[in-house]
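**Student:** With this note's numbering, letter number 206 in the sequence shown gets 214, and the count goes up by one each step, no holes. We treat Cβ as the ideally placed atom computed from N, Cα and C, and that holds for glycine. The structure that follows is given in the form of structure tokens.
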Amino acid sequence: MSLPTTSRHSVDVPQFRRRYLALIVICAAELLVVLDNTVVNVALPSMGLQLRADMSGLQWVVDAYTLTFAGLLLAFGHLGDRYGRKKVMIFGLAGIAVMSVGGAVAADLGQVIAARAAMGVCAAAVFPATLALIINIFTDAKERALAIAAWTAMAGFAIAIGPTAGGFLLEHFSWHSVFWINVPVALLVLVAALACVPESKAEHVGKYDPLGIALSLAGITILVWAIIEAPHNGWLSATSIGAYAAGSAAVVAFVWWELRTPSPVLDLNLFRNRRFSLPALAIAVAYFSMFGFLFMITQYFQGVMELTPLQFGVHSLPFAISIAIGAPLATIIAQRIGTTAVIVFGLVVMSIGMFIAGQVEVETPYLGPVLVSMVLMGLGLAIVQGPATESIMSSVTLDEAGAGSAVNDTTREVGGTLGVAVLGSIVASIYTTQVSPKIDAIPDAIMEPYQKAFARETVVSVIEIVKAPTNPVFATQKADLIHAMKAACLEGFQLASFVTVGAAMTCALAVALFLPCRRPEGNGVLLAWRGSEDADEIS
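Structure, rendered in structure tokens:
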């Protein structure tokens, strides 16, 4: 079957120029919500110093956004199908502007985390609407493939420029600027969307599934809380084990309910198709690796290398450039050798990059393993993301495109959330265990008790210790402590990198063994991705 020339979903299809103007606005909305995933990483050290946040607090600043984002994507996708995707996207953009003000004026860490969580809710309203609108605006198969390629590239671009944009802002302003910048951008995109984006909604929408939404959000939230707080509570403490059990029970209950309810928020039957489920797993693992890597590299650049935020942004540019190069290259190669080989290759590249990152030591120069690891991580992510998205969307029909898009989005965010939680907690556990005895041995003449407490929690405290005036008599002790803190942090990085390598290589093996190499047949959304000749053959 060939793709239908008209959508079965209600949409006002604009003329050629208006279609691409709408695409620009939609991609700008996508840029805003994805950028908020990564731009805050650069501000974490500044937040930590001013708000006295420990490692788990900084993890929550990142994960509060991704957690609510991931947990509510499916719910807002359903609301968009029912009430109109443009309406829901407008609501989300307005909410991001308002909640960003809340984050900018926050007086303590709890308020920052609350604002980030609220921003994640609003981002969940925007993101699923973007791809669903594109699919319905671009009814021609070839144009749709190009539009979705642009959408995919924008996501990678937003991830890549986050550290650089954040570094520029923090060089000239305080950490509050990563929130303030959202306000005019969100309002500008909102006005443009009102003027340029046509409304779209599904003709037939199933019943709402509040229980499924509640169970999914509860399960992932409890599990992430347990992992982030494990360094404090103990990985095998009664509190942690109880939380693992409660979170797992909620996830199992979610799966049980979704398999039985007539209108599930997540159609688990989609996962029976290996061309859908395995690429979704690959995206989850890729984002697990990437978000964890970005969280750790932030601690490294500003805590170990003692770079300013702008210097951090400049040093992270190779990551952005490698994503920009890898994304179109992966699409071209996938057209010739198929998505399976490309996805496997991308996961292997990320594994190599993460392994190299784990070998970095305090004295390791930037122009070496650090640079190589960033380039490989960026390339690997770009290589996985495009072909995996193509495989997911090619395996569903146009009527299933909304569900496919929602799962694609959700797996990214869940993977990223778990990456920060798991890898950040591994680093925190090893760091605290290694440095606590050394800090306890430091006389109060060098460090005040509150400084010691902060130094036990995060390597970011190095910034404050270096700047603090010290009696020359204690200069050697101070230097030894700083070196020990940096070495402990990097020891945590090493174990975290091994965990990531194991996850990525296991996923690569599963994809290589079980993802079909043959091209799909039928009414897939993205058949034109591989060229009009292939689409014609299938028709």
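1) Is tryptophan 264 helix, strand or coil by DSSP?
2) Buried or exposed: where does phenylalanine 77 fall if 16 or more other Cβ atoms within 10 Å of its Cβ makes it buried?
3) Quick one: Cα of serine 324 to Cα of glycine 300, how far?
4) DSSP on asparagine 45, reduced to helix/strand/coil?
5) Are there three or more Cβ pairs, one per stretch, closer than 8 Å when the segment 86–95 is compared with the segment 64–72?
6) Just checking my contact of valine 41 with valine 134 at CB under 8 Å: how many whole Å lie between their CB atoms?
7) Rounded C-beta distance between alanine 511 and valine 263? I'm assuming under 8 Å.
8) Helix, strand or coil for tyrosine 374 per DSSP?
9) Short check: CB of isoleucine 228 to CB of leucine 87, under 8 Å?
10) Shorter than 8 Å from the beta carbon of phenylalanine 146 to some beta carbon of chain B?
11) Drop a sphere of 10 angstroms on the beta-carbon of valine 113, count the other beta-carbons inside from all chains shown, and report buried for 16 or more, exposed for fewer.
12) What separation, rounded to the nearest whole angstrom, lies between the Cα atoms of valine 106 and glycine 174?
13) Using alpha carbons as the reference points, say which of Gly214, Trp159, Cys525 and Ser505 lies closest to serine 403.
14) Which full runs of the alpha helix (DSSP H) of 4+ residues lie inside the segment 295–361, going along the chain?
15) Less than 7 Å between C-beta atoms, sequence neighbours within five positions excluded: which residues of the same chain meet that for glycine 346?
16) Could you tell me the distance, in whole angstroms, from the CA atom of glutamine 485 to the CA atom of isoleucine 447?
17) Suppose you measure from the CA of alanine 158 to the CA of valine 197; what does that come to, to the nearest Å?
18) Can you find the residues in the same chain that come closer than 6 Å, C-beta to C-beta, to serine 185, ignoring five residues on each side of it along the sequence?
19) For arginine 344, count neighbouring C-beta atoms within 10 Å of its own C-beta (all shown protein chains included) and say buried if the count is 16 or more, exposed if not.
20) Short check: CB of isoleucine 340 to CB of proline 395, under 8 Å?
21) Mind checking threonine 247: buried by the 16 CB within 10 Å criterion, or exposed?
22) Quick one, are the C-beta atoms of lysine 494 and valine 470 less than 8 Å apart?
23) Is it buried or exposed for leucine 244, if we count other Cβ within 10 angstroms and need 16 for buried?
24) Thinking C-beta only, is phenylalanine 501 closer than 8 Å to valine 368?
25) Among the residues of its own chain, which have a CB less than 7 Å from the CB of alanine 414, if the five just before and after it don't count?
26) Please state whether DSSP places tryptophan 537 in a helix, a strand or coil.
27) Using 10 angstroms around the beta-carbon of glutamine 307, count the other beta-carbons present and answer buried if the total reaches 16, otherwise exposed.
28) Verify whether the separation of the beta carbon atoms of isoleucine 143 and alanine 30 is less than 8 Å.
29) Determine the extent of the alpha helix (DSSP H) in which threonine 138 is found, giving its start and end residues.
**Tutor:** The relevant details are as follows:
1) Helix, per DSSP.
2) With 16 or more other Cβ atoms inside 10 Å of its own Cβ, phenylalanine 77 counts as buried.
3) So the two alpha carbons sit approximately 15 Å from each other.
4) In the structure shown, the three-state DSSP call for asparagine 45 is helix.
5) Segments in contact, no.
6) With a beta-carbon spacing of about 5 Å, valine 41 and valine 134 fall inside the 8 Å limit used to define contacts.
7) Between alanine 511 and valine 263 a beta carbon distance of about 21 Å is seen, past the 8 Å cut, so the two are scored as non-contacting.
8) Three-state DSSP puts tyrosine 374 in a helix.
9) The Cβ-Cβ distance between isoleucine 228 and leucine 87 does not fall below 8 Å.
10) Among the chains of the structure shown, chain B does not appear; only one protein chain is present.
11) So valine 113 counts as exposed.
12) Looking at the two C-alpha atoms, the distance is approximately 20 Å.
13) When only C-alpha atoms are compared, the closest one is Cys525.
14) Taken in chain order, the unbroken stretches of alpha helix (DSSP H) that lie wholly in the segment 295–361 and span 4 residues or more are 317–323 and 325–345.
15) When the five nearest sequence neighbours on each side are left out, the beta carbons in the same chain lying within less than 7 Å of the beta carbon of glycine 346 are those of Cys525, in order along the chain.
16) Each residue's Cα considered, the two are about 10 Å apart.
17) Straight-line Cα distance between these residues: approximately 17 Å.
18) Result list for serine 185: Leu177, in chain order.
19) Its Cβ having fewer than 16 others within 10 Å, arginine 344 is exposed.
20) Result no, Cβ atoms of isoleucine 340 and proline 395 do not sit closer than 8 Å.
21) Classification for threonine 247: exposed.
22) Contact flag set, yes.
23) So leucine 244 ends up on the exposed side.
24) The Cβ atoms of valine 368 and phenylalanine 501 lie closer than 8 Å to each other.
25) Here the set comprises Leu81, Leu82, Gly85 and Pro136.
26) Per-residue confidence for tryptophan 537 stands at a pLDDT of 42, beneath the threshold of 50, marking its modelled position as unreliable; the derived number appears in the next sentence. Per DSSP, reduced to three states, the secondary structure at tryptophan 537 is helical.
27) Buried, because 16 or more other Cβ atoms sit within 10 Å of the Cβ of glutamine 307.
28) No, Cβ-Cβ distance for isoleucine 143 and alanine 30 is not below 8 Å.
29) Taken as a continuous stretch (DSSP letters only), the alpha helix (DSSP H) holding threonine 138 covers 117–145.
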